[in-house]
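For the record, the sequence lines run as chains A and B. Just so you know, we're using UniProt numbering here: the first sequence kicks off at 1 and counts up by one. Just so you know, we're using UniProt numbering here: the second sequence kicks off at 1 and counts up by one. First up is the structure itself, then whatever we jot down about it.
There are 2 protein chains.
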Amino acid sequence: MADALEPEQLRAYFALMESVSLLQHAVEQQLRADGGISYVQFQLLARLAQTKQLTMTELADGVVYSRSGLTHQAKLLERAGLITRTGCPDDQRATVAAITDTGLALIRRLMPGHIEVTRSLLFDSLSNEDLHALTEIMTRARDHMRAQPPRSATSRRRPTTD
Amino acid sequence: MADALEPEQLRAYFALMESVSLLQHAVEQQLRADGGISYVQFQLLARLAQTKQLTMTELADGVVYSRSGLTHQAKLLERAGLITRTGCPDDQRATVAAITDTGLALIRRLMPGHIEVTRSLLFDSLSNEDLHALTEIMTRARDHMRAQPPRSATSRRRPTTD
DNA sequence: TATTGTTATACTCTATAACTATA
DNA sequence: TATAGTTATAGAGTATAACAATA
């Protein structure tokens with residue numbers, strides 16, 4: 001089951017990882033320089049810009065891999081006036097995060113540069129057929145990965161009773 | 001030039017970033033659990049396993065974005081007995097890094113699990129056509145990104161005189 | 001008893017600037 | 001003067017465990 005990957009699989013794997021590493025680094029530079037926020041913080045803000053209201057657990061999904069990490073980031077965003085955290089009326093245990101006008105304005109201000117970076121680094125080298133193929137492939141891959149159980153029994157998403 | 005990305009570009013971008021994030025997290029878990037090393041350290045070891053001898057600058061290429069970061073990682077790897085650093089006879093300024101037998105053994109021990117993670121998370125969801133397309137697309141994207149000049153004038157790869 | 005979220009803490013990674021030594 | 005690399009240091013990110021409050 002764990003033989004060597006085929007050469008083409010290796011090439012795909014390395015090209016994928018290095019490309020995203022380069023892209024992510026460039027995006028992080030832009031966000032930090034233009035808005036003083038990290039990519040993780042940008043992701044959280046972008047999610048809240050779409051759905052307005054999210055509990056901490058919902059907000060964490062797919063972006064952050066530990067609860068304390070999210071609390072830390074949320075605290076920074078709240079301190080910067082970009083989000084608010086209030087108690088949830090439905091479930092007293094939960095905290096509801098929402099983006100502020102300042103946060104919305106920041107996202108709107110950062111978007112053009114963010115888009116420009118991804119365009120010049122990634123999409124400028126892709127044909128329309130490439131784009132279709134990439135979308136299809138990576139969407140399927142993401143769904144597959146999300147459905148995959150974590151390798152270790154001690155996951156932070158679904159902590160077991162041990 | 002910086003209009004909104006098309007919806008399909010956005011979908012591709014998000015799927016790409018989230019997939020690699022999930023994959024990288026899984027790979028890091030495996031490497032840390034089975035070998036006690038990080039993904040960056042794994043990449044450095046893997047490069048040295050192929051080419052045996054590399055100067056620090058050559059070794060950094062594409063893996064690490066600052067010289068001091070590489071020095072730090074190299075120090076850790078050296079302390080763990082996984083690589084050696086010796087002066088370069090050709091250029092007295094340079095340091096040549098080489099992998100040790102212990103380092104080679106570690107890479108060989110980690111590879112099956114590493115491959116198994118990437119296979120179960122990524123390649124199991126890909127057809128042969130997908131694999132061909134992905135390889136072609138991401139190889140081209142990587143080459144394009146590598147050729148791209150950094151967005152800011154103050155790059156750490158090509159420090160200017162300011 | 002399980003879940004939501006926070007806190008405290010420790011560890012790792014990364015980057016900047018100053019420095020040494022060699023080309 | 002430019003390059004290769006190290007050092008010191010400071011800042012940010014992340015994770016673990018212990019905890020409080022609610023379901």
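All residues carry an ideal CB built from backbone N, CA and C; glycine is no exception.
For A:GLN9, the C-beta contacts it makes with chain B under 7 Å involve PHE123, LEU131, in order along the chain. Contact annotation: in the segment 11 to 31 of chain B, residues whose CB is within less than 9 Å of a CB in chain A are ARG11, ALA12, TYR13, PHE14, ALA15, LEU16, MET17, GLU18, SER19, VAL20, SER21, LEU22, LEU23, GLN24, HIS25, ALA26, VAL27, GLN29, GLN30. Following the DSSP letters along the chain, one finds A:THR100 in no beta strand (DSSP E), marked with neither H nor E. In this structure, B:VAL20 and B:TYR39 do not form a Cβ contact; the two beta carbons are roughly 12 Å apart against a cut-off of 8 Å. Neighbours of B:GLY62 across chain A, judged by C-beta separation under 9 Å: GLU18, SER21, LEU22. Put simply, the CB of A:ALA141 is near chain B, with a gap under 8 Å to one of its CB atoms.
A straight-line Cα-Cα distance of about 40 Å links A:ARG79 and B:THR57. Any Cβ of chain B closer than 8 Å to the Cβ of A:ARG67 would place that residue at the interface, and such an atom is absent. The beta-carbon distance between A:ALA97 and A:LEU59, rounded to whole angstroms, is 5 Å. This is short enough to meet the 8 Å contact definition. The three-state secondary structure of A:ILE115, taken from DSSP, is helix. At a C-beta separation below 9 Å, A:MET145 has these neighbours in chain B: GLU18, SER19, LEU22, LEU23, ALA26, LEU121, LEU122, SER125. According to the DSSP secondary-structure assignment, B:ILE83 is paired through a beta bridge with B:ILE99. Contact with chain A is absent for B:GLN50, since none of that chain's Cβ atoms lies less than 8 Å from the residue's Cβ. Taking C-beta atoms as the reference points, A:LEU5 and B:ILE115 count as a pair closer than 8 Å. Under the three-state reduction of DSSP output, A:LEU126 falls in the coil class, being neither helix nor strand. Across the structure, A:CYS88 and B:THR135 are spaced so that their CA atoms are roughly 46 Å apart. Judged by DSSP secondary structure, A:GLN9 falls within the alpha helix (DSSP H) whose first and last residues are 7 to 35.
Against chain B, the beta carbon of A:THR57 has no neighbour under 8 Å; the closest one sits roughly 17 Å away.
Between the C-alpha atoms of A:GLN73 and A:ARG67 there is a straight-line separation of about 10 Å.
Among the residues facing chain B, A:ALA4 is included, as its CB has a counterpart in that chain under 8 Å away. Taking 8 Å as the threshold, the shortest C-beta distance from A:GLN148 to chain B falls below it. As the crow flies, the alpha-carbon of A:ASP124 is around 38 Å from that of B:THR95.
Here A:GLU129 is exposed: its Cβ has fewer than 16 other Cβ atoms, across all protein chains shown, within 10 Å.
Against chain B, the CB of A:ILE115 has a partner CB under 8 Å away; the residue lies at that interface.
The alpha carbon of B:THR102 has as its nearest neighbour, out of B:GLN53, B:ARG93, B:ILE83, the alpha carbon of B:ILE83. Inclusion of A:MET145 and B:LEU22 in the CB contact set at 8 Å is warranted, their separation being smaller than that value.
Our two residues, A:HIS25 and B:VAL64, have alpha carbons roughly 10 Å apart in a direct line.
Taking the Cα of A:THR51 as reference, the smallest distance to any Cα among A:LYS75, A:LEU104, A:ASP90 is reached at A:LEU104. For B:GLN50, the uninterrupted alpha helix (DSSP H) segment begins and ends at 39 to 51.
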